[in-house]
Each structure stands twice: as C-alpha cells, then as structure tokens.
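Taking the working numbering, the leading residue of the sequence shown gets 6, the next gets one more, and so forth. Every residue, glycine too, gets a C-beta built ideally from N, C-alpha and C.
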Amino acid sequence: MLKPKVLVTRRVPEECLDLLKPHFELEHYNKGTAIPRKRLLKSVKDKDGLLCLLTDAIDPELLAAAPRLKAVSTFSVGYDHIDVPACAARGVAVTNTPGVLTESTADFTWALLMAAARRVVEGDAYMRGGKYKGWDPLMLLGTDVSGKTLGVIGFGRIGQAVAKRAGGFSMRVLYYDTRRAAPDAEAALNAAFVPLDELLRESDYVSVHTVLDEDTRHLIGDRAFGLMKKSAYLINAARGPIVDEKALVRALKAERIRGAALDVYEREPKMAPGLASCRNAVLAPHLASATLETRVKMGVMAAEGLIDGLVRKLRSPYRVD
Ligand code: GLV
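Right, here's the structure in full:
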C-alpha cells in the first residue's frame, strides 16, 4: 500500500524521524534555516501531511497549494503561524506540542529574569573584557528578586509553572488573564487575580505568557510602560509581537523601566533598531524550550500528531488549546 506523503520542513531530532519513517514517504528539508516559501509551496503540492515549525506560515495560500493535505503538525506549542479556522474549513487536522515544554520554558523564563535582575550578562562581558579589578561594593549593582512582586500575564500552563517557581523566592504573585483560574490553582500558587493595569503598577517583574492573537498584539506598549514602576523589569518568553518592540526600546533608553529580558522578537530573527545597544536588555535567540530532553519530546509529540491524523485517522486529533 502506498504510504502517505509527508514534508518535514526543518532539521529535527532523529527520534522524530524514526517515528515518521515507517508510516510515511518523507521529503525532508534537512536544514537549520527556514524552508524558503517558494520551495514550501512547491513541496506541499502532493503532500498528505506537514510537520512544520513556527517559522512556516500555514495560511490560505499554502492550503490552496496543497490540495491533498489532511494534517498539519507543528513542532511548537504556539500555533499563531497557523490559520486554524482555514485548516478546519478544509478538513485539515492541526496538532501542536503542548505540555512537554512547560517546565523548560518556565525554567528559562527564570533564567532570563535572574540574568536581567542580577546583570549576569554584563558581568560576563566585564570579566571577558578584562575590566574586573577586584571586588567593589558599588560594582554592577542589580535588583533583589526574593520578596518582590511577580506579575504573570497569561495564566495558562506556562504562566502557572512560572508562578510556582516564585514560591521559592518568597515572592508575591499577581496574575492577569481573560479568565480567572480555579480557586484551588490560585491557592496552590498563592497567586492573586488582578486587573492588568494593577498588575503593571504593582509588579517588580512583569512576565508575559499569553498566546499571540489580535487581542494580545502590542498588549505591552507605551501605555503599559507608563504604568510600570521605574524599577521594574519586563520578561517575554511568549511571542514577540505581544510587546511593541519600538516602544520597549524607547522605554529602556529613557530608563522608563529598569530592564528587560527577551527570548522572542516582533520580526524574528530581526530586532528593533536600537535594542541591541540597550545595556539594560538581556537578549536570547528564542531558546525557552531548547533543552535536549524537551526538543526530543517535542519531536516525538509532533510525529505522533501526524500519525494520529493520517494513520490512526483519529476523528479529532486536535491538540491546539
Ligand atoms: C516555541 O516558541 C513554541 O511555541 O513551542
């Protein structure tokens, strides 16, 4: 029997390919850079399934170019690059990788927070630059984390995992979401539900964990920076466009807030002009889920998503939530 044809749009862990190979005839764009759009549109013409990344826009143009497509599995928890209603309208199943990257993403959010608060990156550059002349009571002073207030915007799986870690730092935790969490989740995490403006005014660290959609695009911009404390930090390991990056550069340069730590950018892989020269910004290249263990789990889950959709023919393999 002919195997369904699948396109894998990027190099992925071997464990992912090992799962796919017995079931599918694979075309693999086995590179560390995004598949060019033209090549993608050409390659999907005869494909039944697509294992894609957050750098591939799965939009009406792509769907029109892929008449046989029945399943799209993204190697990511985020699916803002996929037009899910357009896929549903054409009967194309969409799956993602929720859950398996929650802890590594929450860990990395804290790595960003700590790096910004305690000036780890500046300290490293100081050492390598041969500037360290001995211990100095006023050298590279940062900001305390313990006992401060953490504001979590978006209280889903990852937001809650970030909040959980704040307990170890005896922090007060505020959160904002469109929906209030269940009372037992609030109690377990010692987190208080507050309006967004109150969170922005009160928090020493504001950490963003919402999905990107039309309601959250530029949720954090000039207005938010105007409300935040001058001593506050912004952390974003969710999606770049939730923060108005040009407004952030203005806020950092004017010291309207004390610092920021970013893992995501509005127009990845580019950064807003001026951001790279902000001494008070810690900048990471979208690494939050980048551990060996997590990337293997994501690859396995992404492969299982395609197998569910194309082989097991689960009527409802949708995981996007
Ligand atoms: C990474 O950003 C993801 O959505 O998995």
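Residue i CB to nearest heavy atom of the ligand GLV below 8 Å
i: residue 173; result: no
i: residue 82; result: yes
i: residue 288; result: no
i: residue 293; result: yes
i: residue 13; result: no
i: residue 119; result: no
i: residue 59; result: yes
i: residue 106; result: yes
i: residue 213; result: no
i: residue 269; result: yes
i: residue 221; result: no
i: residue 100; result: no
i: residue 132; result: no
i: residue 6; result: no
i: residue 303; result: yes
8 Å contact criterion, which residue i and residue j should meet: CB distance rounded
i: residue 4; j: residue 167; result: Outside the displayed range of the chain (6 to 326) lies residue 4, so it cannot be described from this structure.
i: residue 187; j: residue 198; result: Going by Cβ atoms, the distance from residue 187 to residue 198 rounds to 11 Å, so no, they are not a contact pair.
i: residue 212; j: residue 175; result: Not really, about 17 Å apart at Cβ, beyond 8 Å.
i: residue 256; j: residue 117; result: Incorrect: roughly 17 Å between the Cβ atoms, too far for contact.
i: residue 313; j: residue 292; result: Between residue 292 and residue 313 the Cβ distance is about 28 Å, and since that is not below 8 Å, they are no contact.
i: residue 357; j: residue 83; result: Because the chain here runs from 6 to 326, residue 357 falls outside it and cannot be looked at.
i: residue 209; j: residue 232; result: Not really, about 14 Å apart at Cβ, beyond 8 Å.
i: residue 79; j: residue 87; result: 6 Å
i: residue 89; j: residue 55; result: Not really, about 14 Å apart at Cβ, beyond 8 Å.
i: residue 253; j: residue 265; result: 6 Å
i: residue 25; j: residue 311; result: 7 Å
Backbone secondary structure at residue i - three-state DSSP
i: residue 40; result: coil
i: residue 231; result: helix
i: residue 191; result: helix
i: residue 52; result: coil
i: residue 156; result: strand
i: residue 57; result: strand
i: residue 305; result: helix
i: residue 26; result: coil
i: residue 297; result: helix
i: residue 47; result: helix
i: residue 292; result: coil
i: residue 7; result: coil
Residue i burial status per 10 Å Cβ neighbour count (16 or more: buried)
i: residue 121; result: buried
i: residue 109; result: buried
i: residue 282; result: exposed
i: residue 38; result: exposed
i: residue 115; result: buried
i: residue 275; result: exposed
i: residue 52; result: buried
i: residue 47; result: exposed
i: residue 236; result: exposed
i: residue 144; result: exposed
i: residue 124; result: buried
i: residue 270; result: buried
i: residue 250; result: buried
i: residue 132; result: exposed
i: residue 149; result: exposed
i: residue 309; result: buried
i: residue 238; result: buried
i: residue 303; result: buried
i: residue 161; result: buried
i: residue 172; result: exposed
i: residue 183; result: exposed
i: residue 139; result: exposed
i: residue 290; result: exposed
i: residue 9; result: buried
i: residue 318; result: exposed
i: residue 300; result: buried
i: residue 61; result: buried
i: residue 146; result: exposed
i: residue 73; result: exposed
Residue i beta carbon near the ligand FAD (any heavy atom closer than 8 Å)
i: residue 316; result: Of the ligands this structure carries, namely the ligand GLV, none is the ligand FAD.
Any C-beta of chain B under 9 Å from that of residue i
i: residue 255; result: The question asks about chain B, but that chain is absent: this structure has only one protein chain.
**Request:** Just list the beta strand (DSSP E) runs in the segment 63-145, keeping only unbroken ones of 3 residues or longer that don't cross its boundaries, in chain order.
**Result:** Segments of the beta strand (DSSP E) lying fully in the segment 63-145: 76-79, 98-100.
**Request:** With a floor of 4 residues, list each alpha helix (DSSP H) that falls wholly inside the segment 234-280, ordered by position along the chain.
**Result:** If we require 4 residues or more, the alpha helix (DSSP H) runs fully inside the segment 234-280 come out as 250-258.
**Message:** Extract the residue ranges of the alpha helix (DSSP H) inside the segment 162-226, only unbroken runs of 4 or more that lie entirely within it.
**Reply:** Within the segment 162-226, the alpha helix (DSSP H) runs of at least 4 residues that lie entirely inside it are, in chain order, 162-171, 188-194, 201-207.
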